[in-house]
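Q:
Spelled out as structure tokens, the structure:
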């Protein structure tokens with residue numbers, strides 16, 4: 004065919020060049036104008052507030068900057084996971100202890116709330132009428148009462164506990180009194196560290212053996228037994244290490260001396276009330292998430308698995324849970340974030356979490372802007388790390404489609 | 004032919020244990036030994052707890068105490084019953100303080116009417132026949148009346164400064180105004196976050212929403228109480244309630260924006276394209292086609308957020324505003340009443356529960372109603 008037969012109308016032509024016209028009818032130009040206007044007014048407002056602030060700061064003779072972090076804090080802190088002396092250490096260290104306290108209560112709270120919430124969520128689905136109705140009542144009542152009221156209530160209850168002299172002693176080594184919870188603690192020795200390391204090695208070994216078994220199963224259809232290797236590496240190996248290193252085992256029980264207990268581990272009443280309140284409140288939400296997640300798995304899946312001859316345990320592990328988790332994980336993430344942010348209510352009952360110490364710092368130094376910026380920074384980083392981790396986990400368990 | 008109907012078939016009765024209450028008990032409470040054990044254990048605990056509560060809360064309770072003098076109660080009866088019976092006398096003595104705070108005693112009919120107006124506003128807003136644009140007008144008028152009532156200073160009502168307000172009206176004001184004012188802002192932010200034409204505005208909205216959702220409400224309230232005075236021009240110092248209110252609005256707007264965005268995303272793309280093909284401008288498209296459908300879709304989660312904020316307004320206690328919970332806490336501050344926190348918390352918790360439970364039942368009913376068209 005000659006070139007002449009090609010209809011010039013069908014010849015590929017370049018798309019018309021987009022040019023920004025300076026006209027209100029051009030959407031690109033309109034967009035630009037709007038953006039300049041909006042961003043400009045936001046910058047204007049910020050500028051106005053900033054200039055007001057600098058005038059006010061100058062009037063009050065407050066110098067800005069983070070120099071105050073190096074000054075001696077003088078804030079007494081009841082619970083500090085690392086060494087701290089109010090008359091020596093700086094505001095920076097005091098704030099860091101606050102971060103550690105927040106993390107401590109959040110991590111323990113998240114673990115306990117997940118366990119309790121899952122149990123209640125499953126109880127809600129129980130075929131036992133009484134159990135499921137009680138679980139439902141729990142969820143309804145707990146979720147409709149402000150967290151702050153929960154905290155006050157539990158703090159009130161903890162404070163009505165008897166004095167240390169008459170402390171409750173429900174199990175040997177555990178004492179409940181209005182000075183907090185005292186419990187017997189294992190005296191930590193190098194042998195225990197060794198045992199722990201051996202256990203971690205055992206975990207890696209077991210995972211390795213299990214992976215090999217899966218490969219063999221995929222190739223031959225028969226799964227070699229994993230449990231002897233698991234037993235050996237998880238139980239026998241750590242025990243052997245412990246025995247070789249002298250098998251030390253001593254409990255340090257709290258003893259009453261004067262008006263309070265000495266020795267053993269301790270949880271302050273504030274920490275206890277905060278933890279109980281957070282766990283009970285958040286568990287109500289987690290229970291609903293777990294329930295709806297499990298209910299989201301169609302019944303046909305369970306029946307199909309049964310038809311294939313899977314045992315009930317396997318059905319739960321291989322069929323129901325992986326599918327339910329996909330529904331559960333995203334809302335669960337936001338509950339974990341909520342619990343972490345809610346732990347800031349500690350300030351109301353006097354547990355010294357980050358917000359509480361930051362607030363004291365603010366009152367002592369008057370560095371409002373810096374302290375509030377620090378609060379935001381710390382919570383943003385915690386929130387971001389939790390969501391990054393949960394997003395990673397979510398991606399790992401997500402449905403892999405074509 | 005007629006011979007075939009000679010014998011009447013007797014219908015056989017079902018076995019006794021498959022119908023009626025006995026069967027229900029068997030299948031729901033005593034299905035197997037495990038279920039039976041759980042039922043018995045829980046039943047025992049429940050009965051014991053209910054008997055204990057009735058014993059403590061009703062049979063041995065102290066309902067009122069004599070007064071020793073003006074404003075001082077003689078709580079010896081309560082002290083005698085400590086641990087055995089509840090001291091409801093504290094509620095009897097303090098209920099007006101808990102509900103109305105420090106509001107002038109003789110003028111407390113004004114906050115009382117405000118509460119009634121608030122409840123009426125909620126009820127009207129909950130009815131679907133009022134879901135039209137006029138509802139905004141109703142809100143505006145009612146909220147204005149409430150403010151006039153609370154503040155006074157006109158129509159012969161005495162002026163009551165804001166720092167004397169307290170109790171339930173504060174809880175209602177903070178949550179209702181917070182959401183009413185946050186809602187328009189939230190719609191703008193959600194639209195900004197979805198816009199394709201304005202990337203800079205989108206980034207601005209994303210940063211705002213994520214920043215606010217990443218930090219606790221408390222830090223916002225602290226900001227309101229300490230930073231806000233710094234931001235304002237010299238000599239201008241808005242009162243504490245207004246500052247807290249602005250913090251709640253800015254905080255709530257970020258959460259509401261995410262919900263509205265969910266509604267915008269849930270709407271089928273065809274709706275947007277259809278509006279575009281009709282040649283509607285952006286605001287006409289949003290105002291007449293997209294938002295009316297999207298907002299309707301998100302009413303249940305909006306109600307749930309409202310419940311959350313209704314509870315969260317109790318946090319203003321930390322910056323020294325007397326809402327319902329703080330009024331209860333202050334009532335406990337009196338030495339004579341100090342040991343009876345449980346009673347106060349039960350009552351205050353009961354008020355919160357009634358409000359939140361009603362709203363959550365409503366939101367669930369609405370959800371069922373909305374899903375009726377897609378469920379068979």
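Chains as they are written, first to last, in my numbering: chain C, 4 to 405; chain P, 4 to 379. Where is the CB? At the ideal position from N, CA and C, for every residue including glycine. Computed from a predicted structure; not experimentally measured.
I'd like to know whether the C-beta atoms of residue 338 of chain C and residue 289 of chain C end up nearer to each other than 7 Å.
A: Their beta carbons are under 7 Å apart, which means residue 338 of chain C touches residue 289 of chain C by this criterion.
Q: Say whether the stretch 297–309 of chain P touches the stretch 250–266 of chain P, bearing in mind that this needs 3 or more beta-carbon pairs closer than 8 Å, one atom from each stretch.
A: These segments touch.
Q: Can you give me the Cβ contacts of residue 216 of chain C inside the same chain, cut-off strictly under 7 Å, excluding the 5 residues immediately before and after it?
A: Same-chain partners within the cutoff: 226, 227 and 229.
Q: So, for residue 4 of chain C: in the same chain, excluding its five sequence neighbours on each side, which residues have a beta-carbon less than 6 Å away from its beta-carbon?
A: Confidence is the limiting factor: at residue 4 of chain C the pLDDT is only 47, short of 50, which leaves the residue's position unreliable, though a coordinate-based value still follows. Excluding positions up to five away in sequence, the list is empty.
Q: I need the straight-line Cα distance from residue 190 of chain P to residue 264 of chain P, nearest angstrom please.
A: Computed Cα separation, rounded: 8 Å.
Q: Under a CB-based cut-off of 7 Å, is residue 56 of chain C close to chain P?
A: Closer than 7 Å: yes.
Q: Shorter than 7 Å from the beta carbon of residue 338 of chain P to some beta carbon of chain C?
A: No, because no Cβ of chain C sits closer than 7 Å to the Cβ of residue 338 of chain P.
Q: Is there a Cβ of chain C sitting closer than 7 Å to that of residue 325 of chain P, yes or no?
A: It does not; no Cβ of chain C falls within 7 Å.
Q: Between residue 211 of chain P and chain C, is the shortest Cβ-Cβ distance under 7 Å, so that the two count as touching?
A: So no, residue 211 of chain P is outside the interface.
Q: I need the DSSP call for residue 345 of chain C, collapsed to helix, strand or coil.
A: Here residue 345 of chain C sits in helix by DSSP.
Q: Determine the DSSP secondary structure at residue 265 of chain P, reduced to helix, strand or coil.
A: In this structure, residue 265 of chain P counts as helix in the three-state DSSP scheme.
Q: Can you list the beta strand (DSSP E) stretches of 3 or more residues lying completely in the stretch 201–271 of chain C, in chain order?
A: Counting whole runs of 3 or more residues, the stretch 201–271 of chain C contains the beta strand (DSSP E) stretches 258–260, 263–265 and 268–270.
Q: Any contact of the stretch 372–381 of chain C with the stretch 64–84 of chain C, i.e. 3+ C-beta pairs under 8 Å?
A: Yes, since at least three Cβ pairs between the stretch 372–381 of chain C and the stretch 64–84 of chain C fall closer than 8 Å, the two stretches touch.
Q: What's the gap between the Cα of residue 339 of chain P and the Cα of residue 333 of chain P?
A: C-alpha separation (whole angstroms): 12 Å.
Q: Is residue 147 of chain P buried or exposed, if buried means 16 or more other CB atoms sit within 10 Å of its CB?
A: Exposed, by the Cβ-count rule.
Q: Give the C-beta separation of residue 121 of chain P and residue 149 of chain P to the nearest angstrom, bearing in mind that I take them to be a contact with Cβ-Cβ under 8 Å.
A: Yes, residue 121 of chain P and residue 149 of chain P are in contact; Cβ-Cβ is about 7 Å, under 8 Å.
Q: Relative to the C-alpha of residue 342 of chain C, which residue among P:353, P:220, P:361 and P:304 is closest?
A: That would be P:220, whose Cα lies nearest to the Cα of residue 342 of chain C.
Q: Assuming residue 176 of chain C and residue 194 of chain C make a contact with CB atoms under 8 Å, what is their CB distance in whole Å?
A: The pair is not a contact, with the Cβ atoms about 21 Å apart (cut-off 8 Å).
Q: To the nearest angstrom, report how far apart residue 126 of chain P and residue 353 of chain P are at their CA atoms.
A: Residue 126 of chain P and residue 353 of chain P: Cα-Cα distance of roughly 20 Å.
Q: Would DSSP call residue 375 of chain P helix, strand or coil?
A: Residue 375 of chain P falls in the coil class under three-state DSSP.
Q: With a CB to CB cut of under 7 Å and the five nearest residues on each side skipped, what residues in its chain are close to residue 170 of chain C?
A: Excluding positions up to five away in sequence, the list reads 178, 179 and 180.
Q: Applying the criterion that 16 or more other CB atoms from any shown protein chain within 10 Å of the CB defines a buried residue, is residue 100 of chain P buried or exposed?
A: Buried, by the Cβ-count rule.
Q: Any beta carbon of chain A sitting closer than 7 Å to that of residue 203 of chain P?
A: The chain inventory of the structure shown lacks chain A, comprising the protein chains C and P.
Q: Are at least three pairs of beta-carbons, each pair with one atom in the stretch 192–202 of chain P and one in the stretch 31–42 of chain C, less than 8 Å apart?
A: Short answer: they touch.
Q: Closer than 8 Å between beta carbons: that is the criterion. Which residues of the stretch 293–313 of chain P meet it against chain C?
A: Against chain C - using a Cβ distance shorter than 8 Å - the residues of the stretch 293–313 of chain P are 310.
Q: Give the list of continuous alpha helix (DSSP H) stretches no shorter than 4 residues that lie fully inside the stretch 220–270 of chain P.
A: If we require 4 residues or more, the alpha helix (DSSP H) runs fully inside the stretch 220–270 of chain P come out as 220–225, 231–234 and 243–269.
Q: Beta-carbon of residue 354 of chain C versus every beta-carbon of chain P: anything under 7 Å?
A: Chain P contact via Cβ: absent.
Q: Is it buried or exposed for residue 12 of chain P, if we count other Cβ within 10 angstroms and need 16 for buried?
A: Counting Cβ neighbours within 10 Å, residue 12 of chain P comes out exposed, since fewer than 16 surround it.
Q: Against residue 24 of chain C, what residues of chain P qualify as contacts under a CB-to-CB distance less than 8 Å, listed in chain order?
A: Simply none; closest approach about 15 Å.
Q: What residues in its chain sit with their C-beta under 7 Å from that of residue 294 of chain C, if we drop five residues either side in the sequence?
A: Result list for residue 294 of chain C: 124, 127 and 128, in chain order.
Q: Tell me where the beta strand (DSSP E) around residue 177 of chain C begins and ends.
A: From DSSP, the beta strand (DSSP E) with residue 177 of chain C extends over 177–180.
Q: Which class does residue 188 of chain C belong to by DSSP, given the choice of helix, strand or coil?
A: In the structure shown, residue 188 of chain C sits in a strand (DSSP, three-state: E or B).
Q: Check each candidate in P:130, P:195, P:106 and P:143 and name the one with the smallest Cα separation from residue 155 of chain P.
A: Answer by Cα proximity: P:106.
Q: Where does residue 221 of chain C land, buried or exposed, given buried means 16+ other C-beta within 10 angstroms?
A: Residue 221 of chain C comes out exposed.
Q: Given that a residue counts as buried once 16 or more other Cβ atoms are within 10 Å of its Cβ, and exposed if not, what is residue 147 of chain C?
A: Answer is buried; the Cβ neighbour count reaches 16.
Q: Residues of the stretch 23–54 of chain P with a CB closer than 7 Å to any CB of chain C: list them in chain order, please.
A: Those would be 31, 32, 34, 38, 41, 42, 45 and 46, in chain order.
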